[in-house]
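Visitor: In this text, residue positions in the sequence shown follow numbering that gives the first Met the number 0: the first is 0, and each later residue adds one.
All C-beta atoms in this analysis are idealised placements derived from N, C-alpha and C, irrespective of residue type, glycine included.
If you're wondering where the values come from, they're calculated on a predicted model, not measured in any experiment.
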Amino acid sequence: MEGMLCKICSHCGLCPGDGTFMADKNLIISTEGISAPLNADPSLPPFYTGIAMDIGTTTVAARAYRLCNAELLAEYKEANFQQKFGSDVIARISFATEADGYKKIREATLLQIEKAVKKLLGEVSFLFTSQRCGRPHLERLVITGNTAMQSFAAGLSVKGLSAFPFKADYLFGEEKPASDFFGNSSFLRADCPVYFTPAQSAFIGGDTISAMMACGFLDGGGAAKILADVGTNCEMALLDPSGNLFCTSSAAGPAFEGYGIRQGMNACEGAVAKVSLVQEEKTGGKARGKLKFLCSVIGGGNAKGICGTGLLSAIALFYKKGIINQNGTLLRGTDSVSLCKGVSLCQKDIRNFQLAKAAVLSGIEALVQKAGLSVLDLQDNSTLYLAGGFGTKLNAHDAAVTGMIPPVLENNLVHAGNAALSGACMLLFDAGLRQKALALARKAMNINLAEDQGFQSRYISALNFPDLP
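1. Which of the three DSSP states, helix, strand or coil, is assigned to G387?
2. Measuring only the C-alpha atoms, how far is C191 from R139?
3. Evaluate contact between the region 45 to 53 and the region 121 to 140, counting only Cβ atoms and requiring at least three cross-stretch pairs below 8 Å.
4. Please classify T146: does DSSP put it in a helix, a strand, or coil?
5. With C-beta atoms as the reference, is A95 less than 8 Å away from V59?
6. Can you give the Cα-Cα distance for L66 and L72, rounded to whole angstroms?
7. For S275, which three-state DSSP category applies?
8. Is the separation between the beta-carbon of M211 and that of L226 shorter than 8 Å?
9. With DSSP collapsed to three states, give me the class of R91.
10. Once you ignore the five residues that flank D376 on each side, which residues in its own chain have a CB closer than 7 Å to its CB?
11. Our contact map puts S312 next to K273 with C-beta atoms below 8 Å; I'd like the distance itself, whole angstroms only.
12. Among N38, V123 and P45, which one has its Cα closest to the Cα of A63?
13. Out of curiosity, what's the CA-to-CA distance linking I305 and R261?
14. Leaving aside the five residues before and after I459 along the sequence, list all residues of the same chain whose C-beta is less than 7 Å from its C-beta, in chain order.
15. The alpha helix (DSSP H) that contains I208, what's its start and end?
16. Run through the region 174 to 253 for me and flag every whole alpha helix (DSSP H) of 4 or more residues, listed as ranges in chain order.
17. Reducing DSSP to helix, strand and coil, say where V141 ends up.
18. Please report the Cβ distance between V88 and N145, rounded to the nearest whole angstrom; I am assuming they are in contact, meaning their Cβ atoms lie under 8 Å.
19. State the beta-bridge partners of L329 as determined by DSSP.
20. By DSSP, does K289 sit in helix, in strand, or in coil?
21. Since D397 is in the alpha helix (DSSP H), which residue starts that stretch and which ends it?
22. Hey, how far is the Cα of E173 from the Cα of T196?
23. Excluding sequence positions up to five away, which residues of its chain have a Cβ less than 7 Å from the Cβ of T401?
24. Can you tell me whether M264 sits near the ligand ATP, meaning its C-beta is under 7 Å from at least one heavy atom of the ligand?
25. Can you tell me which of D466, G55, A90 and I112 puts its alpha carbon nearest to the alpha carbon of N324?
26. Thinking C-alpha only, which one of G121, S248 and P44 is nearest E450?
27. DSSP beta-bridge partners for R62?
28. Do Q111 and F80 count as a contact pair if the criterion is CB distance below 8 Å?
29. Taking Cβ to Cβ, would you say G263 is nearer than 8 Å to G252?
30. Rounding to the nearest angstrom, what Cα-Cα distance links F171 and E77 in this structure?
31. By the three-class DSSP mapping on this structure, what secondary structure does C424 have?
32. Looking at the unbroken alpha helix (DSSP H) that takes in A415, where does it start and where does it end?
33. Less than 8 Å separating the beta-carbons of S381 and A223?
34. Could you give the DSSP three-state label for S86: helix, strand or coil?
35. Looking only at DSSP bridge pairs, what is G304 linked to?
36. Straight-line CA distance for A438 to A35?
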């Protein structure tokens, strides 16, 4: 975007400028995953801005939009500041019940919300100033996340989430002034409308409801829809052909996001994202015949570690090539396999992956059984939406080979990206959808896997890899 700034600029964004400085910074950023419909309001001034935020267990992500035309202006993404208090939701809830624990998590959460809002508005301000349309006015903020993350953000107790029967004090779904949630904060005006997306229960949060909306779960009947929002905590939902909605949650652990893996890391520059086998270069005109691993590294430089998609790719390859057996044991008399210089996978890494993938598969199977269906019933009449940062890039065949998803659904998979944030963006623009979100939350039937008699046996079975075709 080009525009003019004054020689002496107060950043009012209103005067015509004198052409001294040309601002060419383009803040519109492409996003991945499904495209959610956004209902803009052309009657609003061009400087009215809205922010949608997803407070994930591992990552906090947010987007800023121009409300009059749904123009994406800026994005924010950063590791959750709460991670130092626990790697997963259960650990953080436990920490919050200790002396000063809740206060520390709450402060970290507010600090990150403030940072995200200020960063986004700072970037938007630059753009608006260059366009001479005034300073950004934050008209509304929408926040999604699991029930614990939303509770920390809103200043609500999580004691009810820490012990049986696991009840949330509040399931959100209301818009209130910022002061009701954040007190006299310095980063939001007191009357700025803030909306927390509705949760279904203690462990099926607003992020799951938002993700279901983005994936078309409002349209009941017809082909079945399955959602797996894969992260540290994996939330899953099934809308059956009759329009019945079932949901559940399982602790997948942080392996899919690179944590709990010896040389694991986020999907950023230097991370191994894909592993394949190639024949070594020819010597003297003849192929040496020896195969070696070829690692695709994000950014193209030297490998620093391995991210979730690289882990999935490597383990799928290990299984197909007989490096590990059906129960995941390394077969070459070693405790690790070198992938490239500085990066290897050990037996414990493989076991942690198995724990994570079993949580996903057994959760899907529990939903299917609860709906009175079989996985084979869904082969030709369903869509599997895989959401979350990990779900954006994974290879569907690798997921099927390792048994992370039912193999018969390999060709039915849709990469949904951050569907929770996409759904929050829909709710940012369309107040009418908020009642539908509430209805969706109330309609959903929650399956408590801890009380499901068949879950333990399904989970143990899902630890193994399926038969190869």
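Guide: This is what the structure gives:
1. Translated into the one-based positions of the sequence shown, residue 387 becomes position 388. Three-state DSSP puts G387 in coil, outside helix and strand.
2. Taking the first residue of the sequence shown as position 1, residue 191 is located at position 192. Taking the first residue of the sequence shown as position 1, residue 139 is located at position 140. Between C191 and R139, the C-alpha separation is close to 6 Å.
3. yes
4. Walking along the sequence shown from the start, residue 146 turns up at place 147. T146: helix per DSSP, three-state reduction.
5. On the sequence shown, position 96 is the one that residue 95 refers to. On the sequence shown, position 60 is the one that residue 59 refers to. The answer is no: Cβ separation not under 8 Å.
6. Residue numbering aside, residue 66 sits at position 67 when the sequence shown is read from its first letter. Residue numbering aside, residue 72 sits at position 73 when the sequence shown is read from its first letter. Distance between the alpha carbons of L66 and L72: 10 Å.
7. Position 276 of the sequence shown, counted from the first residue, corresponds to residue 275. Strand at S275.
8. As a position in the sequence shown, residue 211 is number 212, starting the count at 1. As a position in the sequence shown, residue 226 is number 227, starting the count at 1. Cβ atoms of M211 and L226: closer than 8 Å.
9. Mapped onto the sequence shown, residue 91 falls at position 92. If DSSP states are grouped into helix, strand and coil, R91 belongs with the helices.
10. Reading the sequence shown from its first residue, position 377 is the one you call residue 376. Excluding sequence neighbours, D376 sits near nothing in its chain.
11. Counting from one through the sequence shown, the residue named residue 312 turns up at place 313. Counting from one through the sequence shown, the residue named residue 273 turns up at place 274. Their Cβ separation, rounded to whole angstroms, is 5 Å, which keeps S312 and K273 in contact under 8 Å.
12. Taking the sequence shown and counting its residues from 1, one reaches residue 63 at position 64. It is V123.
13. To locate residue 305, count along the sequence shown from 1; it is residue 306. To locate residue 261, count along the sequence shown from 1; it is residue 262. Going by the C-alpha atoms only, they are around 9 Å apart.
14. On the sequence shown, residue 459 is found 460 positions in, with the first residue counted as 1. Correct list: empty, nothing qualifies.
15. Position 209 of the sequence shown, counted from the start, is the residue given in the question as residue 208. Counting along the chain, the alpha helix (DSSP H) containing I208 begins and ends at G205 to A213.
16. 177 to 181 and 205 to 213
17. As a first step, residue 141 must be located in the sequence shown, where it is residue number 142. V141: strand per DSSP, three-state reduction.
18. For the purposes of this step, residue 88 is taken as the residue at position 89 of the sequence shown. For the purposes of this step, residue 145 is taken as the residue at position 146 of the sequence shown. Their Cβ separation, rounded to whole angstroms, is 6 Å, which keeps V88 and N145 in contact under 8 Å.
19. Your numbering for residue 329 matches position 330 in the sequence shown. DSSP lists I323 as the beta-bridge partner residues of L329.
20. Within the sequence shown, residue 289 is the residue found at index 290, counting from 1. Reduced to three states, the DSSP call for K289 is coil.
21. Locating residue 397 in the sequence shown gives position 398, where the first residue counts as 1. Residues A395 to V400.
22. Position 174 of the sequence shown, counted from the first residue, corresponds to residue 173. Position 197 of the sequence shown, counted from the first residue, corresponds to residue 196. Taking the straight line from one Cα to the other gives about 8 Å.
23. Sequence index remark: in the sequence shown, residue 401 carries index 402 (1-based). L311, I314, A315, Y318, K356 and F464.
24. With respect to the ligand ATP, the structure shown offers nothing to examine, as it has no ligands at all.
25. By 1-based counting over the sequence shown, the position of residue 324 is 325. Among D466, G55, A90 and I112, the Cα nearest to that of N324 belongs to D466.
26. Indexing the sequence shown from 1 puts residue 450 at position 451. It is S248 whose Cα lies nearest to the Cα of E450.
27. In the sequence shown, the residue the question calls residue 62 occupies position 63. DSSP lists A51 and E74 as partners of R62.
28. Walking along the sequence shown from the start, residue 80 turns up at place 81. Walking along the sequence shown from the start, residue 111 turns up at place 112. A contact, by the Cβ cut-off of 8 Å.
29. Along the sequence shown, one-based indexing puts residue 263 at 264. Along the sequence shown, one-based indexing puts residue 252 at 253. No, Cβ-Cβ distance for G263 and G252 is not below 8 Å.
30. As a working mapping, residue 171 is identified with position 172 in the sequence shown. As a working mapping, residue 77 is identified with position 78 in the sequence shown. Answer to the nearest angstrom: the Cα atoms are 24 Å apart.
31. Position 425 of the sequence shown, counting from 1, holds the residue named residue 424. Note: C424 maps to helix in three-state DSSP.
32. To locate residue 415, count along the sequence shown from 1; it is residue 416. A415 -> not in any alpha helix (DSSP H); beta strand (DSSP E) instead, spanning L412 to G416.
33. Mapped onto the sequence shown, residue 381 falls at position 382. Mapped onto the sequence shown, residue 223 falls at position 224. Yes, Cβ-Cβ distance for S381 and A223 is below 8 Å.
34. Along the sequence shown, one-based indexing puts residue 86 at 87. Of the three classes helix, strand and coil, the one that applies to S86 here is coil, per DSSP.
35. Stepping through the sequence shown from its first residue, residue 304 is reached at position 305. Bridge partners of G304: A270.
36. Here residue 438 refers to the residue found at position 439 of the sequence shown. Here residue 35 refers to the residue found at position 36 of the sequence shown. Linking A438 to A35 through their CA atoms gives a straight-line distance of about 19 Å.
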